[in-house]
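Structure first, commentary second.
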Amino acid sequence: MHLCRGKDDQEETERQIRTNDREFNTTFQYVNNYVRTSKYTLLSFIPRNLFEQFQRVANIYFLLQIIIMSIPKITALSPVATAVPLICVLAATGVKDAVDDIKRHKSDDEVNNRKAKVLRDQGETTATHEKREEERWMKIQVGDVLRIDNNDQIPADIVILTTSEENGLCYIDTAELDGETNLKCRQPLPETTELGDDEDQLSKIKMEMSCEPPNNRLDKFKGKLVYKDTMYPLDNENVILRGCVLRNTQWVYGAVVYTGHDTKLMMNTGVSKLKRTGLDKLVNTLILWIGLMLAIVCTLCAIGTTIWEELFGRDFQIYLPWEEFYKDSVVIIGIVHWPSFVMVLNTLIPISLYISVEVIRLGQSLWVNWDVSMYFEPKDTPALARTTTLTEELGQIQYIFSDKTGTLTQNVMTFKKCSINGRLYGHIEGESAGNPEETLVSSVSIREEEAAEVDFSMNPYADGKFRFTDETLSDEINNYNEECHEMFRLLAVCHTVMIDSNSDNLEYQSQSPDEAALVTAARNFGFTFVEMYELLAILDFNNVRKRMSVIVRQGNKIKLYCKGADTIVYDLLDRSCKPLMTKTMQHLNMFAAEGLRTLVVAYKDISMDILAMEDREELTQRVYEDIEQNLMLIGATAIEDKLQDEVPDTIATLAEADIKIWVLTGDKVETAINIGYSSHLLTDDMTEVFVFSGETLDSVQQELKEFSDKISSENRSSPLSKISSNQDSLKDVGVEVISYKNSVSGKLQASAESTTKTEESFGLVIPGKSLAFALHENLKLDFLSLACMCKAVICCRVTPLQKALVVRLVKDNLSAVTLAIGDGANDVSMIKGTTEEMQLTCLRKSV
């Protein structure tokens, strides 16, 4: 048995680390890299499992019965009659819990015994690889230097020292942390990249590092590294966390900073809690009331016995002789007979009740496993009930908390339509392409599966999975239409996509699935990205700029290509583009109505003189401030984030059942809103969709008040609120009057109940930074009240811990039955906090 070593009682304020020096690092008693998710050990199983089972009041009642039956003076009944059924119930439940926990132990053992390459200083050796030792994950310690190869999972939180890439970058898949399948970029300090893959030096070097104590913030890291007597700052860009997977990078060397349960992944996992169903709680309550009634009846019987013995008992000594100790006081007779009456009336609480319930639950779980309607044919996966104790709660669910990536969507981005020079392409025919109104009618009348697909068989680089159903665009490209060529040249150049060097076929790795879809589209239309252009500058996308630009050399010309959100790029366009802007905006509105993700693309010719500047930082500043102006509009693209099958219909059905759906995702705001509309979680019929943007406590508090006031104002002006001004009339139409509710929980419950009782409907979108303040102790109930008044809630850019906090907020304050749905490790903490949990097997593609 492996246990994590404990640290000092004194709280850790700063972590001190020395690479390749276990003796030094051991003095701080950092936990080892052993991870345990199982509940029980061999020593703790029996006492802990019995403690959990005796949370049921009935089990305590039957145990007391057995104790009373063991006293011959009180009852002639044998305790075996009650002990055997109770032991059977406890044993059956214990075996089931043990089997479940054995599976967790096996999973833990598989993870802890994985092998990692740890560098060791073994003196002078002839071979580089002799510096490496294959160490089990659980043996890794803080300060160890690891070699991570491509497609390896990261065993602990590490600071990157050096990578195989010339530019020092490396790419990681963080799906297990935040649910996003797009690759993310990390890099070491420029000063340590000189170490390269010199394992002799890497295994000996003693670098001092200091960093913040372990915490659950996935997006923040602060530290310092001393290299060659110089101190350098470390941030989140220099760290790879446990659970990530190295992608499209041959190797990385890194120093371990957090291990085991100190890693950010484990600190976001949460603690498993014993889950009790509403039926269990109801039965416990009923048994308490029945027990109280039984105690009263037995007390009355005991009093009656005492009175009868006092009045007539001495006359019946020959038939019912008293025990010796009765002669001192007849009251003792009543006391002794009280438990006897309990035994006589013990069938008021039948032990068969729980046995019957468990058998029914087992049958229900088997029906779930056998349900053909829940069989997932693409992956040959039937439904699997992992517990038999919660099935009846499925019919009581009030709130569903769902992940987005891989749960609502397949995360498969598909290039569906585009607008080039005012002409619309995709799922349309002939001459109507230039007219938005005619196109709208045409695209509705022609079903996608009936439209003619473009034949890409003549293109040796074409992706066989790509589909496009408008041959007009292909014809325009073949006829050398300059605008079409410029559009796809931009898509093939303006991106951060990489080619997967480990694949025999031409495959792309991208930080954004949108970019991969656009580059794939350009590839199929004859503009194939096979290597880097002469790239002069990249102006990367961020949440403030909401656009990306690149400057490239094309022969003797230098061009800036830009793509981004329409609201941003339109402000940067040249005035001469106004007629084209109007027509393109009509197309953009059509794309948005279909729930497609849109980007506007533009370009600009740049003077050669710009590159003559010696100060490259000055160049960057001028690009940001000056060059991205007076752009020439090319058109717009429309991408579909493919939903899982029947998601819109399912959400509509759940809404009809008055089940509230909250989506908790790590995706950005724009993506979450687009999916909200395409899945019909958000609809055009909604009065308003509130989007939080505050990043301070005061600004979030102000937004909470503003949005709540808007809802109150809309509801007061709605026809429903004018039906009657008196309380009785409001009750007649089903509106809850909450003025008399003084308790906070009462108001929250009223807000939740009134969501579907008003004509107005609202949506709520809140990013993680705002949510962090909305969950503050002083604001969380106001936030919950606002959310309960909205028909749909989307929380985006949230961490796994924030998911759990949102679930707990609803569950604790509304006393609601909740269901969490997820398909990744980043959903574990959310799932643990709900009444019901569901893991999905979905069609999901990593880009």
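One point on numbering: in UniProt numbering, the residue at position 164 of the sequence shown is 164, and numbering is uninterrupted. Cβ atoms here follow ideal geometry from the backbone N, Cα and C, with glycine treated the same way.
When you measure from the CB of residue i to every non-hydrogen atom of the ligand PLP, does any distance come out below 8 Å?
i, result
"residue 268", "By its list of ligands, the structure shown contains no ligand whatsoever, and the ligand PLP lies outside what it can speak to."
Among the options, whose alpha-carbon lies nearest the alpha-carbon of residue i?
i, options, result
"residue 343", "162, 302, 475", "302"
"residue 228", "761, 668, 205", "205"
"residue 133", "139, 119, 646, 140", "119"
"residue 466", "560, 472, 453", "453"
"residue 357", "697, 700, 553, 58", "58"
"residue 293", "341, 387, 507, 461", "341"
"residue 818", "311, 157, 397", "397"
"residue 681", "632, 792, 631", "792"
"residue 383", "392, 390, 389, 373", "373"
"residue 212", "203, 202, 224", "224"
"residue 561", "627, 687, 282", "627"
"residue 822", "46, 289, 663", "663"
"residue 21", "570, 257, 574", "257"
"residue 116", "139, 278, 296, 12", "139"
"residue 506", "461, 27, 478, 335", "461"
"residue 593", "513, 685, 575", "685"
"residue 564", "575, 332, 601, 377", "601"
Excluding the 5 residues flanking residue i on each side, which residues of the same chain have their C-beta closer than 8 Å to its C-beta?
i, result
"residue 114", "136, 137, 153, 155"
"residue 659", "397, 398, 399, 400"
"residue 63", "54, 86"
State the Cα-Cα distance for the pair residue i and residue j, rounded to the nearest angstrom.
i, j, result
"residue 769", "residue 690", "15 Å"
"residue 644", "residue 177", "22 Å"
"residue 402", "residue 599", "27 Å"
"residue 785", "residue 692", "15 Å"
"residue 241", "residue 158", "6 Å"
"residue 14", "residue 540", "34 Å"
"residue 426", "residue 515", "19 Å"
"residue 677", "residue 395", "27 Å"
"residue 352", "residue 85", "8 Å"
"residue 174", "residue 830", "17 Å"
"residue 741", "residue 281", "Any reading at residue 741 needs caution, since the residue's pLDDT is 34, under 50, leaving its predicted position unreliable; the model's value is listed next. Going by the C-alpha atoms only, they are around 26 Å apart."
"residue 392", "residue 361", "8 Å"
"residue 456", "residue 474", "9 Å"
"residue 492", "residue 519", "5 Å"
"residue 112", "residue 495", "39 Å"
"residue 694", "residue 203", "47 Å"
"residue 578", "residue 171", "41 Å"
"residue 60", "residue 679", "49 Å"
"residue 757", "residue 709", "In this prediction, residue 757 scores a pLDDT of 46, lower than 50, which makes its location untrustworthy; the coordinate-derived value is nonetheless stated afterwards. The straight-line gap from Cα to Cα measures roughly 18 Å."
Measure the Cβ-Cβ separation of residue i and residue j and say whether it is below 9 Å.
i, j, result
"residue 236", "residue 801", "no"
"residue 657", "residue 415", "no"
"residue 215", "residue 141", "no"
"residue 104", "residue 184", "no"
"residue 634", "residue 490", "yes"
"residue 50", "residue 151", "no"
"residue 82", "residue 55", "no"
"residue 765", "residue 652", "no"
"residue 591", "residue 521", "no"
"residue 409", "residue 675", "yes"
"residue 248", "residue 221", "no"
"residue 552", "residue 580", "no"
"residue 762", "residue 714", "yes"
Leaving out five residues on either side along the sequence, give the residues of the same chain with a beta carbon under 6 Å from the beta carbon of residue i.
i, result
"residue 189", "232"
"residue 568", "546, 547"
"residue 420", "483, 484, 487, 635"
"residue 640", "414, 416, 596"
"residue 94", "49"
"residue 573", "631, 633"
"residue 767", "669, 796, 797"
Who are the near neighbours of residue i in its chain, counting only those whose CB is closer than 7 Å to its CB and skipping five residues on each side?
i, result
"residue 459", "524, 526"
"residue 346", "65"
"residue 290", "348, 349"
"residue 191", "227, 232"
"residue 701", "779"
"residue 433", "Low per-residue confidence applies at residue 433: pLDDT is 43, beneath 50, and the placement is therefore not dependable, though the value from the model is reported in the following sentence. If we look at residue 433 and ignore the five residues flanking it on each side, its Cβ neighbours are 423, 424, 425, 439, 472."
Checking contacts by CB at 9 Å: is residue i closer than that to chain D?
i, result
"residue 149", "Among the chains of the structure shown, chain D does not appear; only one protein chain is present."
Next item on the list: Evaluate the contact criterion for the stretch 236-256 versus the stretch 131-147: three or more CB pairs, one atom per stretch, below 8 Å.
Entry: Note that the stretch 236-256 touches the stretch 131-147; at least 3 beta-carbon pairs, one per stretch, sit closer than 8 Å.
Next item on the list: Indicate whether the contact test is met: 3 or more Cβ pairs, each with one atom in the stretch 787-806 and one in the stretch 654-670, closer than 8 Å.
Entry: Yes, the stretch 787-806 touches the stretch 654-670.
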